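Numbering-wise (UniProt numbering), the sequence shown opens with residue 1 and increments by one.
The beta-carbon is built from N, C-alpha and C at its ideal position, and this holds for glycine as well.
A quick note: this is a predicted structure, and the numbers were derived from the prediction, not measured.
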Amino acid sequence: MNRILAQYRSFGLPVRLLLLNQFTINLGFYMLMPYLAAHLSGELGLAAWAVGLVLGIRNFSQQGMFLIGGTLADRLGHKPMIVAGCTLRTGGFVLLGFADSVPALLIASAATGFAGALFNPAVRAYVAQDAGERRVEAFALFNVFYQAGIVLGPVVGLALTTVDFRLTSGVAAAVFAALTVLQVRALPRDSRSARVGSVLADWRSVLANRSFLLFALAMVGSYVLSFQIYLALPLEARRLAGDGPGGTALVTALFVVTGGLAIAGQLRITDWCRQRWGSGRCLVLGLGLMALAFLPPAISPHETVWAMAALVLAAALLALATSVVFPFEMDTIVALAGNRLVATHYGLYNTVVGTGILLGNLVTGSALDLARAAGVPALPWAALACLGLACTLALYTLDRREHLLPATA
Numbered sequence: 001m002n003r004i005l006a007q008y009r010s011f012g013l014p015v016r017l018l019l020l021n022q023f024t025i026n027l028g029f030y031m032l033m034p035y036l037a038a039h040l041s042g043e044l045g046l047a048a049w050a051v052g053l054v055l056g057i058r059n060f061s062q063q064g065m066f067l068i069g070g071t072l073a074d075r076l077g078h079k080p081m082i083v084a085g086c087t088l089r090t091g092g093f094v095l096l097g098f099a100d101s102v103p104a105l106l107i108a109s110a111a112t113g114f115a116g117a118l119f120n121p122a123v124r125a126y127v128a129q130d131a132g133e134r135r136v137e138a139f140a141l142f143n144v145f146y147q148a149g150i151v152l153g154p155v156v157g158l159a160l161t162t163v164d165f166r167l168t169s170g171v172a173a174a175v176f177a178a179l180t181v182l183q184v185r186a187l188p189r190d191s192r193s194a195r196v197g198s199v200l201a202d203w204r205s206v207l208a209n210r211s212f213l214l215f216a217l218a219m220v221g222s223y224v225l226s227f228q229i230y231l232a233l234p235l236e237a238r239r240l241a242g243d244g245p246g247g248t249a250l251v252t253a254l255f256v257v258t259g260g261l262a263i264a265g266q267l268r269i270t271d272w273c274r275q276r277w278g279s280g281r282c283l284v285l286g287l288g289l290m291a292l293a294f295l296p297p298a299i300s301p302h303e304t305v306w307a308m309a310a311l312v313l314a315a316a317l318l319a320l321a322t323s324v325v326f327p328f329e330m331d332t333i334v335a336l337a338g339n340r341l342v343a344t345h346y347g348l349y350n351t352v353v354g355t356g357i358l359l360g361n362l363v364t365g366s367a368l369d370l371a372r373a374a375g376v377p378a379l380p381w382a383a384l385a386c387l388g389l390a391c392t393l394a395l396y397t398l399d400r401r402e403h404l405l406p407a408t409a
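Set out below in structure tokens:
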């Protein structure tokens, strides 16, 4: 903890505020969102299709609009988009808690998602700009605050939701309202010249960045793999330990392991990697660890305590891999952008990988059930490991062909 605090104090005011910003964003988001589906289907009595529609609109309005958010951040400034996103999510969370009709819930869900599309690229671009040559260190610390919000948010949300979901939504909205005020009062405006020229010209410029597009496509698999901590691993944990207290305890253990490793080990892991290799080699190492993470569930006995231990080991390896990848991934995006239209590059990158997550989850969720019914339960895990290996080879090839080097002006 002392090392985290010392590293935190070593950065300027904008980065320090943005780190607190990201912690608070995740705290408020994960305070509410894990319990939204139960509120919609239980207290409001919505049909399953309506619950899926509300949740799907939130995801689409965020993933599909990242490019818009990044473009606006490059043109209007990072701070205005951060403030606008936090303000919009405040209203969205209030409406999610008190709306009881499908149209109102869809509006609230869309507002909540679009808010993320506004502030996510802006926050990352602002951190990259203000950290300068210390981008890798800044993004390592960023992941510590990011994971801390993910770990703490559901705990606070569970305590509030046992009283009333509306209390949860109100508190989450209040968190974002306070964050909005903090950004308005304390976050300096970023020192950039206003963009001139057309939006379409900017988009053509980004789409013409071949190295960046190849990198984004190669990294899609890493997001599909890392997202399995929210999909395949919890589903398998529930199947092994049941839907009662045992299953809840096992799922909780998965999240505690991933969050705890990231918080406790991120800075040491980043320093260790940075002292030995460049960004490209570190990314290859991280993707290789992601592939390795899915071997324990693939080879373990499938109905024993060893299968449960294999899930925890898989979660730990995913956390370690993500800790290796994330700082160098964020730094590589800035390098490939040539420090130009950084938020737009982040926006397009998030849209590409977000689309990959959607498709990957559809395939993975179906494959788990089909493979078990066919008597080959190891197959989906082996397929995920092969996906990780393919991404590792793709990144290795890009690194060898110097596609991950900084873009020249």
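{"query": "Around the C-beta of R9, are 16 or more other C-beta atoms found within 10 angstroms, so that it is buried, or is it exposed?", "result": "exposed"}
{"query": "Have a look at G77, A307, V144, A371 and flag the residue whose alpha-carbon is nearest the alpha-carbon of L187.", "result": "G77"}
{"query": "Identify the continuous alpha helix (DSSP H) that holds N209 and give its terminal residues.", "result": "Premise fails: N209 is in no alpha helix (DSSP H) and is neither H nor E."}
{"query": "For the stretch 357-369 and the stretch 231-242, state whether three or more C-beta atom pairs, one from each stretch, are separated by less than 8 Å.", "result": "yes"}
{"query": "Compare the Cα-Cα distances from A117 to each of N59, Y223, L393, P297 and report the closest residue.", "result": "N59"}
{"query": "When DSSP labels each residue in this structure, what does T90 get in the three-state scheme?", "result": "helix"}
{"query": "Are L289 and L317 closer than 8 Å when you measure CB to CB?", "result": "yes"}
{"query": "How many angstroms separate the CA atom of C273 from the CA atom of C282?", "result": "6 Å"}
{"query": "With DSSP collapsed to three states, give me the class of H403.", "result": "coil"}
{"query": "Rounding to the nearest angstrom, what Cα-Cα distance links A110 and E303 in this structure?", "result": "41 Å"}
{"query": "Which residues in the same chain as V83 place their Cβ atom closer than 7 Å to its Cβ, once the five residues preceding and following it in sequence are excluded?", "result": "T180, Q183, V184"}
{"query": "Could you tell me the boundaries of the alpha helix (DSSP H) in which D369 lies?", "result": "342-373"}
{"query": "Look at the Cβ atom of A298, then the Cβ atom of A394, and state whether they are nearer than 8 Å.", "result": "no"}
{"query": "Ordered along the chain, which non-local residues of its own chain (more than five positions away) have a Cβ less than 6 Å from that of A50?", "result": "V102"}
{"query": "Give the DSSP-derived three-state secondary structure of S222 in the structure shown.", "result": "helix"}
{"query": "Could you give the DSSP three-state label for N143: helix, strand or coil?", "result": "helix"}
{"query": "How big is the Cα-Cα spacing for L240 and G56?", "result": "28 Å"}
{"query": "Output needed for A315: all residues of its chain with C-beta closer than 7 Å, excluding positions within five of it in sequence on either side, in chain order.", "result": "I229, L233, L254, V257, T258"}
{"query": "Going by beta carbon distance, what residues of the same chain come within less than 6 Å of M251, once the five residues before and after it are set aside?", "result": "What sits at residue 251 in the sequence shown is Val, not Met. Contacts found: P234, A237."}
{"query": "With 16 other CB atoms within 10 Å as the buried threshold, where does R400 fall?", "result": "exposed"}
{"query": "Does chain B have any CB closer than 8 Å to the CB of G259?", "result": "Protein chain content of the structure displayed is limited to a single chain, and chain B is not contained in it."}
{"query": "Count the other CB atoms within 10 Å of the CB of A48; is the residue buried (16 or more) or exposed (fewer)?", "result": "exposed"}
{"query": "Please go through the stretch 62-127 and give each complete beta strand (DSSP E) segment of 3 or more residues, from N-terminal end onward.", "result": "none"}
{"query": "F29 to A262, Cα distance in whole Å?", "result": "19 Å"}
{"query": "Here's the rule I'm using: 16 or more other beta-carbon atoms within 10 Å means buried, otherwise exposed. How should V342 be labelled?", "result": "buried"}
{"query": "What's the gap between the Cα of V15 and the Cα of A138?", "result": "8 Å"}
{"query": "Buried or exposed, going by whether 16 or more other CB atoms sit within 10 Å of the CB of E402?", "result": "exposed"}
{"query": "Among G85, G113, L141, P80, which one has its Cα closest to the Cα of L96?", "result": "G113"}
{"query": "Express the C-alpha separation of H345 and S205 in angstroms, rounding to a whole number.", "result": "10 Å"}
{"query": "Check E303 in the structure and name its three-state DSSP category.", "result": "coil"}
{"query": "In angstroms with no decimal places, state the Cα-to-Cα distance between M33 and Y146.", "result": "16 Å"}
{"query": "Could you give the DSSP three-state label for G197: helix, strand or coil?", "result": "coil"}
{"query": "Looking only at its own chain, which residues have a Cβ that is under 7 Å from the Cβ of V136, when we skip the five neighbours before and after it?", "result": "T270, R274, P327, F328, D331"}
{"query": "Can you tell me which of P296, V175, N143 puts its alpha carbon nearest to the alpha carbon of T87?", "result": "V175"}
{"query": "By alpha-carbon positions, which one of P301, M308, L285 ends up nearest to T248?", "result": "M308"}
{"query": "Measure the CB-CB distance between Y126 and D202 and report whether it falls below 8 Å.", "result": "no"}
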